[in-house]
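**Student:**
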Amino acid sequence: MSPDRNICLIISPSIFLLDERVFVSLGILRIAAVLENQGYNVEVVDLSGIENYQEAMRAHVRSS
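Just so you know, the sequence shown maps onto residues 900 to 963 in this note's numbering.
Okay, structure coming up:
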């Protein structure tokens with residue numbers, strides 16, 4: 900698949916929730932499913948519940 904067909908969706912942490920793992924992000928997962936059905940290569944990065952999310956995202960970008 901060509902690089903322009905790759906999409907990364909990010910579930911960011913929330914400062915408003917005491918426990919972010921209670922709610923599953925169905926909306927973004929639905930978007931990912933629709934994009935995959937349209938031929939896109941979709942990756943979902945879930946940063947919820949991660950304290951140092953900025954470093955986790957940097958590490959993800961370096962490994963991609």
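For every residue, glycine included, the Cβ atom is placed at its ideal position computed from N, Cα and C.
Taking just the CA atoms, how far does A932 sit from S940?
**Tutor:** The residue you call residue 940 lines up with position 41 of the sequence shown. The residue you call residue 932 lines up with position 33 of the sequence shown. The question names Ser, but residue 940 in the sequence shown is Asn. Distance between the alpha carbons of N940 and A932: 10 Å.
**Student:** Following the continuous beta strand (DSSP E) through N905, name the residue where it begins and the one where it ends.
**Tutor:** Your numbering for residue 905 matches position 6 in the sequence shown. Where N905 is concerned, the enclosing beta strand (DSSP E) stretches over 905-910.
**Student:** Compare the C-alpha of L946 against each of Q937, H959, G926 and name the closest.
**Tutor:** Counting from one through the sequence shown, the residue named residue 946 turns up at place 47. Closest by alpha carbon: H959.
**Student:** From the DSSP output, in three-state form, read off E942 for me.
**Tutor:** Taking the sequence shown and counting its residues from 1, one reaches residue 942 at position 43. The answer is strand: DSSP assigns E942 an E or B state.
**Student:** Are the Cβ atoms of L928 and V943 separated by less than 8 Å?
**Tutor:** Start at 1 with the first residue of the sequence shown, and residue 928 comes out as number 29. Start at 1 with the first residue of the sequence shown, and residue 943 comes out as number 44. Yes, Cβ-Cβ distance for L928 and V943 is below 8 Å.
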